[in-house]
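*Asks:*
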Amino acid sequence: MASELSASAQRVQEALADRGLPGRVVELSQTTRTAVEAARAIGCDVAQIVKSLVFCGAWSGQAYLVLVRGVDRVDESRLAEVVGEQVTRASPEVVRARTGYAIGGVPPVGHREPLPILIDAALLEMPELWAAAGTPHAVFRLLPGELARITGGRVVEVGVVQRPS
Numbered sequence: 003m004a005s006e007l008s009a010s011a012q013r014v015q016e017a018l019a020d021r022g023l024p025g026r027v028v029e030l031s032q033t034t035r036t037a038v039e040a041a042r043a044i045g046c047d048v049a050q051i052v053k054s055l056v057f058c059g060a061w062s063g064q065a066y067l068v069l070v071r072g073v074d075r076v077d078e079s080r081l082a083e084v085v086g087e088q089v090t091r092a093s094p095e096v097v098r099a100r101t102g103y104a105i106g107g108v109p110p111v112g113h114r115e116p117l118p119i120l121i122d123a124a125l126l127e128m129p130e131l132w133a134a135a136g137t138p139h140a141v142f143r144l145l146p147g148e149l150a151r152i153t154g155g156r157v158v159e160v161g162v163v164q165r166p167s
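Positions 3 to 167 (the numbering used here) are the ones given, in order, by the sequence shown.
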């Protein structure tokens with residue numbers, strides 16, 4: 003772990019402190035870019051990783067941040083029902099422009115612009131969670147109730163277990 007945080011991780015740390023969760027971000031030497039890599043680096047179950055995925059509304063262009071367990075993918079048809087329009091995965095450029103972070107480091111808080119946040123209900127069944135903190139090496143630990151509180155996210159059912167490839 004580094005003693006000083008990178009600029010992106012520090013922004014997440016400040017966003018967490020503003021929401022009552024100070025001192026949570028850690029930067030690891032191992033990559034945490036994917037859910038599997040994060041779980042390996044942390045030593046937790048892949049399901050405990052908060053996967054932050056950005057989708058865009060096909061008509062409105064609205065970006066939506068969807069939080070699911072690391073073992074899940076988003077059912078885009080169900081997500082479209084929830085948000086009221088068809089959705090597509092956001093490009094890496096759109097993710098960075100809307101959140102201020104690159105894919106692999108998108109946290110659930112501290113975004114460049116406010117985004118509607120949708121939390122898959124299965125995340126809230128986990129005993130503890132680990133989320134990205136601004137870089138592909140930074141994470142923070144939190145409880146499911148804290149995730150719902152700090153994001154103000156709407157709890158929905160949009161996650162489905164990924165089949166192994």
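The beta carbon of each residue, even a glycine, is placed where N, CA and C say it ideally should be.
Treat the numbers as computed from the prediction; the structure is a model and nothing was measured.
(1) Nearest to T36 by CA position, among W132, V158 and V157, is which residue?
(2) Roughly how many angstroms separate the alpha carbons of H113 and Y103, rounded to a whole number?
(3) On the DSSP bridge assignment, give the partners of E29 in chain order.
(4) Can you tell me whether R156 is buried or exposed, with buried defined as 16 or more other CB within 10 angstroms of its CB?
(5) The alpha helix (DSSP H) spanning G147 covers which residue range?
(6) Do you know offhand how far A11's Cα is from V76's?
(7) Identify whether A4 lies in helix, strand or coil by the three-state DSSP scheme.
(8) CA-CA distance, R21 and R71?
(9) What distance in whole Å lies between the Cβ atoms of A124 and D74, which are believed to be in contact at a cut-off of 8 Å?
*Replies:* So, to answer that:
(1) W132
(2) 8 Å
(3) A140
(4) exposed
(5) P146 to T153
(6) 26 Å
(7) Annotation note: pLDDT 41 at A4 (below 50); position unreliable, no value reported.
(8) 22 Å
(9) 7 Å
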